[in-house]
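Accompanying notes for the structure given below.
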Amino acid sequence: MTGCCTVLGAFLFEYDTPRIVLIRSRKVGLMNRTVQLLILAYVIGWVFVWEKGYQETDSVVSSVTVKAKGVTMTNTSKLGFRIWDVADYVIPAQEENSVFIMTNMVITMNQTQGLCPEIPGKTTVCETDANCTAGSAGTHSSGVATGRCVSFNGTLKTCEVAAWCPVEDDTEVPKPAFLKAAENFTLLVKNNIWYPKFNFSKRNILPNITTAYLKTCIYDAKTDPFCPIFRLGKIVESAGHSFQDIAIEGGIMGIQIKWNCNLDRAASFCLPRYSFRRLDTRDLAHNVSPGYNFRFAKYYSDLNGAEHRTLIKAYGIRFDIIVFGKVAWPPAPLVQSPVVFFCWSGQRPTLYPHHNFFFFSYRSQAGKFDIIPTMINIGSGLALLGVATVLCDVIVLYCMKKRYYYREKKYKYVEDYEQGLGNQMDQ
Amino acid sequence: MTGCCTVLGAFLFEYDTPRIVLIRSRKVGLMNRTVQLLILAYVIGWVFVWEKGYQETDSVVSSVTVKAKGVTMTNTSKLGFRIWDVADYVIPAQEENSVFIMTNMVITMNQTQGLCPEIPGKTTVCETDANCTAGSAGTHSSGVATGRCVSFNGTLKTCEVAAWCPVEDDTEVPKPAFLKAAENFTLLVKNNIWYPKFNFSKRNILPNITTAYLKTCIYDAKTDPFCPIFRLGKIVESAGHSFQDIAIEGGIMGIQIKWNCNLDRAASFCLPRYSFRRLDTRDLAHNVSPGYNFRFAKYYSDLNGAEHRTLIKAYGIRFDIIVFGKVAWPPAPLVQSPVVFFCWSGQRPTLYPHHNFFFFSYRSQAGKFDIIPTMINIGSGLALLGVATVLCDVIVLYCMKKRYYYREKKYKYVEDYEQGLGNQMDQ
Amino acid sequence: MTGCCTVLGAFLFEYDTPRIVLIRSRKVGLMNRTVQLLILAYVIGWVFVWEKGYQETDSVVSSVTVKAKGVTMTNTSKLGFRIWDVADYVIPAQEENSVFIMTNMVITMNQTQGLCPEIPGKTTVCETDANCTAGSAGTHSSGVATGRCVSFNGTLKTCEVAAWCPVEDDTEVPKPAFLKAAENFTLLVKNNIWYPKFNFSKRNILPNITTAYLKTCIYDAKTDPFCPIFRLGKIVESAGHSFQDIAIEGGIMGIQIKWNCNLDRAASFCLPRYSFRRLDTRDLAHNVSPGYNFRFAKYYSDLNGAEHRTLIKAYGIRFDIIVFGKVAWPPAPLVQSPVVFFCWSGQRPTLYPHHNFFFFSYRSQAGKFDIIPTMINIGSGLALLGVATVLCDVIVLYCMKKRYYYREKKYKYVEDYEQGLGNQMDQ
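Protein chains in written order, with our numbering: chain G, 1 to 427; chain V, 1001 to 1427; chain S, 2001 to 2427.
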């Protein structure tokens, strides 16, 4: 019991602090401070570098809706005079974070279930039925072979297939793009973000944007950086590509919305920044299966209920909206003393510097958020300063002329009795 | 060689520990312990705060499928008597993480390619052909102007456009919502999650849920918190909005599934928590382009193969399912001594406290996962305790009456010969 | 002023280093080193373990497109002879990161708005009109009840509903799957990734892949690990399931693309690794609402403009493409002395080891990226080594026979005058 109290007393009422050798040496002193400064510079550098690179796409909850507008007219021998509006060229009608705009197409009208010759090709051209194996359906064939070899046109014979007839002939893609006017179509992107941790939410249609402005504005990095309406042509150009090129074979464009919010400042400073990028990077040198296209069909039924369809191989641009929710936190001003203390030690307050004192200041508001960086910074920062001492010790104790003298001062050698060595000398 | 051995010997067989001044002072001792306790409280506070906020959306692989159910009936002069079921109001038929339910619409039937007057508007009303520029197609126009000015109705003349005729008139949106009965439709949300690191997977249809229960249950935070079937009306209300309001102009609702799994406990404790939130936050004060709508068309062909379509401007609610995979790790009980040691030092085991000893305990199972937090905690925790000493030193050496006495005890001053100063005095 | 200079001078030109007791004891010395080594092993272990587990799904910007190929033929009494191609079985025609392949279906042709008896079921079978409540529309009913009880067939009477008639009868699902041949369909997955931090981008169609190869190859973990074309059957098998089973009721398959890029090495070493996994884990023991299906309709209009539709309940497999962008960083070789120093201390350079020196080496290139791990490692690493000293102190000062002797050497006791205690003795 008493022992326990003694122990507790010792634990509570004793203060242990390491004994220090104070070496009054310009050389070493300066060296020490320099190393410490270097380390600090390094840490701060890190903090900054890292503060920039960090928590891109932090858990932000974002919702995106995209609305295309624009109408154009085509006049071809095949289709005749035709108007194309949103319901015609946006497929599917709605998606979660992206929108597809058809810019080019290979259309095959009035297909019906039946038998017809394949499109001539390496595997499909034939002399006799022997060349066609019944029932075979290769990955690239448009139907199931019947085994007969029939004439495709006067000169050429190809294997017959059971398929939607006539089969699609997509050997050449229209150049220029069929809906090249899509360059002038526009996208209205609505984006709402929400930071669960802060319960802070905002939309990219800023409070100062009026309905009138929204009706007329077009995004421009210089003049209208906050207008959420984008001209397709401009998007592609901003990404450094030519719209008419991409329109032919299609592609994927990324519309990046960066929310760079410093929650210390007013919410009105939390603004979206738009940037554009082609996501299906194609090195022209190595251009295997470029672009983006898919097939869909419109189904009709005629009088006697028989079904026929119009098959469309749609080339176009898919716009993926990518939202980065970046929350900046105030970088920690790492302060390496002299920290000032006022002490009322009897007489008038006097000012004392103290060495090796190291602390961080965070602004309160963002503090809740800075838990992890703070811990990392303080922990590693303090530990790193230790390196300074280690380095200087190395210099002082191993590299200076007076090293033996210094060692004698720093170290107290204690022999281990148990090893029956001589008594230790102490200073 | 021998030198090398000496060095290695020294390295291996020497133990260096700092020399300590033990100050038996109630004041300072208590101060020291207090500061240490504060720091610990702080760290633990952090750990907990941070443990809550951390690794929301940790790399969880999740798959979501949504299935809507419900049927309703409308009876309007335009459409007559009509039944609406899933295939009618879910567009598109399937999406990856979201589902769109049409609640309101502006329908334009029997559109054909042709020429017709524009809907009257600021830019479209005209007196003479001079007011209409041929070939122009503004962002908001429904077709390409022919340049003629034709009568829209008896009183009014508007520019003629080549378009899908008749052009859509969406000037007023039906109030109340056309499919207001959608309030009673239901969503069955199936969600499977998988943590790659743990190869732990689970689905939100819990093992104790029977087919019978699933046929009848409706989610309710109180009574049926684990029923994965949600009434649309309830979802919107839970988010604090009125379904009939949102149904008119549409919107985006978020269905959040939080998996809060402590993998130390049985998998049966790993349960989904549902919460709802309107993602397209609209401040009523500033209500520019609210809601969510898009256009799609159903295409038909009549006898002579001519195509006509029904254009639908669909207003509705998109439900985005957002999955948070949160893995709780057992918070580290930071223990600040007295840590107890039993030492068999010849006589009976005795108990010794030791100061400044600081450690963490983690449960083994989750340990694999807690690498990073553990390192952060230990590293920063140990470093932070150093601050206590620094602070107390400041007090003791600069602010206490006996500071000079204490300094004399702590410091040993060593002059640098090279600076030709006097010999140092040592105590 | 002068005071200030003194203070500054003291701060700059003084070097303070702790005084050390050097205990020449094999036992303790070895113990100390061992503990330090253990800690280091532990840390390194962590670093490696953690390096593996970390930054899976680091903020990589990825775009995915999927293209299905394949055609098959069915011959049923209901539909007769029919060909199915991409436009028929991919619904919707395009999605952002996934593709749905219909493998099975329940088709209901020529539905029109009207009145018809419900499918017999627990709630729908009736004797008299009294059993049917007019206007009721349960979650699972296919229409709105009229309140009449009509004969479903000779023997059975069910409630009449206003609905798309005839109502769908999905009581039994076709076995084997209607489009079982889908096993041989193929998916071409195109994936582009981009690391914003490094501005490094790559696509999964590697530079050495030629158009000819792409036309013929099929992914195989052994023979063709980099061919981006996947046979559906193989995907499902690789995930350890049977395609024909999953084809009947549908399901969700995950195609995981792991980019394991060490940016220190040439970009050509940055390669995609494919793995497959069934995401809708179904424990056969507890098989509630398995599989994946949804309904969609094709709308037709007959002569007099009346609308009819073909309702399809589509069962099938949704393939979600999941991209993990993992960037490996060179693991830090933690080196614990002897670190070598050359010092020109007048005479020939001599070699000194130094204890307790601890550093990391990072390759420059990835350094920018390793900020956070580096800070964590150094900070915690240094701090952890402190633990060694603490432990050994405990042993030396509390558990060794000569503990009092060692304590006397390590500690210097100072009484607090203010507590009126005796003078302190010092050695």
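Beta carbons: idealized from backbone N, C-alpha and C, even for Gly.
C-beta contact flag for residue i and residue j at 8 Å
| i | j | result |
| --- | --- | --- |
| T1319 (chain V) | I1229 (chain V) | The question names Thr, yet the displayed sequence has Phe at residue 1319 (chain V). The answer is no: Cβ separation not under 8 Å. |
| I23 (chain G) | Y406 (chain G) | yes |
| I1083 (chain V) | V1090 (chain V) | no |
| T103 (chain G) | Y315 (chain G) | yes |
| F276 (chain G) | I317 (chain G) | no |
| L1012 (chain V) | R2033 (chain S) | yes |
| A137 (chain G) | V2106 (chain S) | no |
| L2311 (chain S) | Q2111 (chain S) | yes |
| I1205 (chain V) | S2289 (chain S) | yes |
| I2321 (chain S) | I2218 (chain S) | no |
| V2035 (chain S) | L2391 (chain S) | yes |
| C132 (chain G) | P166 (chain G) | no |
Proximal residues of chain V, C-beta to C-beta of residue i below 7 Å
| i | result |
| --- | --- |
| L40 (chain G) | Chain V residues near L40 (chain G): none, gap ~15 Å exceeds 7 Å. |
| R100 (chain G) | In the sequence on display, residue 100 (chain G) carries Phe and not Arg. What F100 (chain G) touches in chain V: nothing, since even the nearest Cβ is about 12 Å away. |
| I205 (chain G) | V1288 and S1289 |
| K67 (chain G) | F1294 |
Delimiting residues of the alpha helix (DSSP H) encompassing residue i
| i | result |
| --- | --- |
| F1243 (chain V) | F1243 to E1249 |
| E408 (chain G) | R403 to K410 |
| V2236 (chain S) | L2232 to S2238 |
First and last residue of the uninterrupted beta strand (DSSP E) at residue i
| i | result |
| --- | --- |
| L1188 (chain V) | T1186 to Y1195 |
| T17 (chain G) | E14 to P18 |
| Y292 (chain G) | Counting along the chain, Y292 (chain G) falls outside any beta strand (DSSP E), and DSSP gives it neither H nor E. |
| A1093 (chain V) | First-last for A1093 (chain V): undefined, no H or E at that position. |
| P2272 (chain S) | P2272 to R2278 |
| A1068 (chain V) | V1061 to K1069 |
Chain-ordered chain G contacts of residue i [CB-CB under 7 Å]
| i | result |
| --- | --- |
| K2409 (chain S) | K412 and V414 |
| L2012 (chain S) | G29, L30 and R33 |
Chain-ordered neighbours of residue i on chain S, where CB pairs are closer than 7 Å
| i | result |
| --- | --- |
| W164 (chain G) | I2083 and D2085 |
| Y404 (chain G) | Simply none; closest approach about 10 Å. |
Per DSSP, the bridge partner or partners of residue i
| i | result |
| --- | --- |
| E307 (chain G) | G:S301 |
| K78 (chain G) | None, per the DSSP bridge assignment. |
| V108 (chain G) | Rather than Val, the amino acid found at residue 108 (chain G) in this sequence is Thr. Per DSSP, G:L311. |
| Y1413 (chain V) | G:L22 |
| K2027 (chain S) | In DSSP, K2027 (chain S) forms no bridge with anything. |
Residue i: contacting residues in chain V (beta-carbon distance under 8 Å)
| i | result |
| --- | --- |
| A93 (chain G) | I1091, P1092, F1294, R1295, F1296 and A1314 |
| T210 (chain G) | V1288 |
| L2311 (chain S) | A1087 |
Cross-chain neighbours of residue i in chain V, by beta carbon under 9 Å
| i | result |
| --- | --- |
| R19 (chain G) | P1018, R1019, I1020, V1021, K1409, K1410, Y1411 and K1412 |
Contacts of residue i in chain C (Cβ-Cβ under 8 Å)
| i | result |
| --- | --- |
| T72 (chain G) | The structure shown contains no chain C; its protein chains are G, V and S. |
Within chain S, the residues that residue i reaches when beta carbons sit closer than 8 Å
| i | result |
| --- | --- |
| N97 (chain G) | E2096 |
| T1076 (chain V) | Result: empty, since nearest Cβ-Cβ is about 13 Å, beyond 8 Å. |
| Q113 (chain G) | F2081, R2082 and I2083 |
Interface partners of residue i on chain G, CB under 9 Å
| i | result |
| --- | --- |
| L2037 (chain S) | Here the premise fails: no neighbours, minimum Cβ distance about 18 Å. |
| S1025 (chain V) | F13, E14 and Y15 |
| Y2300 (chain S) | Y299, Y300, S301, G305 and E307 |
Under 8 Å by beta carbon: chain G residues contacting residue i
| i | result |
| --- | --- |
| V2125 (chain S) | By Cβ distance, chain G contributes nothing, its closest Cβ being about 32 Å from V2125 (chain S), past 8 Å. |
| D1280 (chain V) | S63, T65, K190, N192 and R203 |
Amino acids of chain S, ordered along the chain, whose beta-carbon sits closer than 9 Å to that of residue i
| i | result |
| --- | --- |
| S141 (chain G) | V2071 |
| L1214 (chain V) | V2288 and S2289 |
Query raised in the report: Whole beta strand (DSSP E) runs in the stretch 1150 to 1230 of chain V with 3 or more residues, listed along the chain?
Result: 1157 to 1165, 1186 to 1195 and 1200 to 1203
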